[in-house]
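When you line the sequence shown up against the UniProt record's numbering, it's residues 1 to 446, in that order. Virtual Cβ for every residue (Gly too), placed ideally from N, Cα, C. Read through the structure below, which is laid out as structure tokens, and then see the notes.
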Amino acid sequence: MEQIWTTVKSLLKEKIPGHSYRMWIEPITPCQYEEGEIVLSCPNLFSKKRVVDHYGRLIENAVSHAAGKTLKVRLVVRSDPKEDRRPTFADRQMKLPEMDTAYTGGRFLRKDFTFDQFVVGKNSDFAYSAALSLAARNRGTQNALYLLSKTGLGKSHLSQAVGHHILQTFPDERVCYITAEDFMNEMTDSYRNSSLHRFKEKYRRNCDVLLLEDVQFLSGKNGTQQELSNTLESLMNANKKIIYSSSYLPSDIPKLDEKLRSRLCCGLISKIESPDYKTRVRILERTVRSGGYSVPDQVVQYLASELTDDVRQLKSGLIGVTAQASLLGSEVDLDLARRVVKNIVASREGITLDSIKRLVCKYYNVTLTDLVSRSRRQAIVRPRQVAMYLSREYTEHSLQTIGKSFNRYHATTLHALKMVEKGIKENGPVQKHVAFLSERLEKGKH
């Protein structure tokens with residue numbers, strides 16, 4: 001059995017990229033060999049799922065080749081007596097509440113931003129593996145990871161997936177998920193309220209895992225840079241884990257203190273590229289399943305071939321097709337998909353936060369002052385939520401920027417998006433409003 005597995009590993013090493021081989025194949029050990037079947041042991045449930053989904057067929061072919069006959073391969077999770085008292089990640093994951101998970105000292109984690117829900121492709125395989133390795137505390141993994149990509153490619157998803165995994169697997173760990181702007185605002189408030197010592201204590205002593213997004217925001221913020229640099233030094237010296245995410249390399253962020261730049265470069269830097277065609281198809285297929293949509297395969301394939309910028313654009317196309325079909329009482333077909341794609345590609349660059357606000361104000365007959373006010377009247381709340389949703393779908397701005405544009409906090413922005421998404425799924429008035437406004441935006445009538 002050992003000889004067969006040694007041969008199998010040699011075969012796999014020729015077909016699988018080095019970092020993927022080391023991450024997923026090396027930890028596997030053969031544990032049982034019976035007539036017609038070999039049983040392989042994986043270190044944990046995540047590893048097993050990953051190997052089955054991505055390398056199962058390769059392993060089966062290699063095993064049969066090495067054995068000189070057809071053998072079935074069965075993967076199991078390695079038993080560890082020390083872990084028997086702790087529920088598995090899968091057990092805990094099933095118990096996630098139907099709302100974003102809250103934790104002390106940070107933002108909300110989106111409940112769907114987990115490793116299981118991330119669609120891995122060649123564009124993101126290394127980043128996914130690095131994030132999962134850090135979260136699972138694999139040996140030899142660095143304690144800092146810098147996720148780099150343009151907007152809409154999944155760096156926030158992976159960052160929050162690390163938080164989810166750690167909170168579920170190691171519930172005593174203290175995780176803080178914040179943006180660079182959050183850090184600056186909290187530091188400013190602590191100065192104003194004479195509570196700087198509590199601020200420092202929170203991030204330097206009471207944080208085991210720091211998830212820091214939008215690092216590029218720090219450009220030119222000298223005071224914040226100095227405080228963050230000292231905080232990072234304290235966390236690094238204590239072997240704490242840090243995940244950064246940004247649209248720019250540390251070396252490309254202007255007006256950044258060299259000491260902080262050096263801190264940001266200490267960890268592994270992993271870039272997420274735009275997904276290739278096969279990955280785009282899988283992303284759309286998963287969205288179709290989770291949303292309960294009825295979309296023919298040829299439409300999915302067409303959208304994947306035409307909408308190549310990012311995941312957000314992909315999903316915008318899918319929502320546009322299904323919403324218009326529902327609104328018009330027609331079937332989802334290639335002709336409809338072509339019209340939607342043509343409008344997205346032709347008009348997307350001209351859509352701005354201001355143009356969305358103007359369109360929504362005109363449609364709902366409200367003033368711009370009311371739209372961005374603190375009013376909680378339903379006649380204002382609904383248009384505001386729809387405008388924020390359209391801003392997320394049709395611009396490249398982060399949720400943080402969108403919320404700021406509407407004078408709303410990050411949590412309020414997330415709530416607005418969820419309410420509109422819920423309304424779209426219910427096929428009620430909200431869906432009709434969004435479909436109509438989306439069509440206007442895509443036709444350039446904004």
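Check your understanding: What is the C-beta distance between Asn-123 and Thr-287, in whole angstroms, given that I count them as a contact (C-beta under 8 Å)?
Key -> Contact flag wrong, Cβ pair sits at about 17 Å.
Review point. In the DSSP assignment, what are the bridge partners of Tyr-177?
Key: Leu-211
**Study point:** Touch test, the region 152-167 against the region 317-325, Cβ-Cβ under 8 Å, three pairs minimum
**Key:** no
Check your understanding: Which first and last residues belong to the alpha helix (DSSP H) in which Glu-393 is found?
Key -> 378-394
Review point. So Gln-216 and Ser-194 are in contact, right, with Cβ under 8 Å, and what is the actual spacing, rounded?
Key: In fact, because the Cβ distance is near 30 Å, the residues do not count as touching under 8 Å.
Check your understanding: Does DSSP put Ser-10 in a helix, a strand or coil?
Key -> helix
Point to revise | Residues that DSSP places opposite Ala-131 in a beta bridge | key: According to DSSP, Ala-131 bridges with nothing at all.
Exercise for review: Pull up the DSSP beta-bridge partners for Lys-418, would you.
Suggested key: None; Lys-418 has no bridge partner.
Check your understanding: Who are the Cβ neighbours of Gly-403 in its own chain at under 8 Å, not counting the five residues just before and after it?
Key -> Met-388, Tyr-409, His-410, Thr-412, Thr-413
**Study point:** Endpoints, alpha helix (DSSP H) assigned at Pro-429
**Key:** 429-442
Review point. When you compare only the Cα positions, how much space is there between Lys-200 and Leu-264?
Key: 19 Å
Practice item. Run the CB neighbour count on Glu-37, radius 10 Å, all protein chains shown included, and call it buried at 16 or more, exposed below. Key: exposed
Review point. So, using beta-carbon positions, are Thr-231 and Arg-204 closer together than 9 Å?
Key: yes
Exercise for review: Below 8 Å CB to CB, which residues in the same chain sit around Glu-285 once its five sequence neighbours on both sides are set aside?
Suggested key: Val-300
Check your understanding: What is the DSSP secondary structure of Ile-16, reduced to helix, strand or coil?
Key -> coil
Review point. On the three-state DSSP scale, how would you describe Ile-166?
Key: helix
Exercise for review: Scan the region 21-73 and note each continuous beta strand (DSSP E) run of 3 residues or more that stays entirely inside, going in chain order.
Suggested key: 29-34, 37-42
Point to revise | Endpoints, the beta strand (DSSP E) within which Ile-243 is located | key: 241-246
**Study point:** Distance between beta carbons of Ser-274 and Asp-252, contact taken as under 8 Å
**Key:** Not really, about 18 Å apart at Cβ, beyond 8 Å.
Review point. So the alpha helix (DSSP H) Ala-323 belongs to, where does it begin and stop?
Key: 311-328
Review point. Skipping 5 residues on each side, what residues in its chain have a beta carbon closer than 8 Å to that of Glu-173?
Key: Ile-166, Leu-167, Asp-208, Val-209
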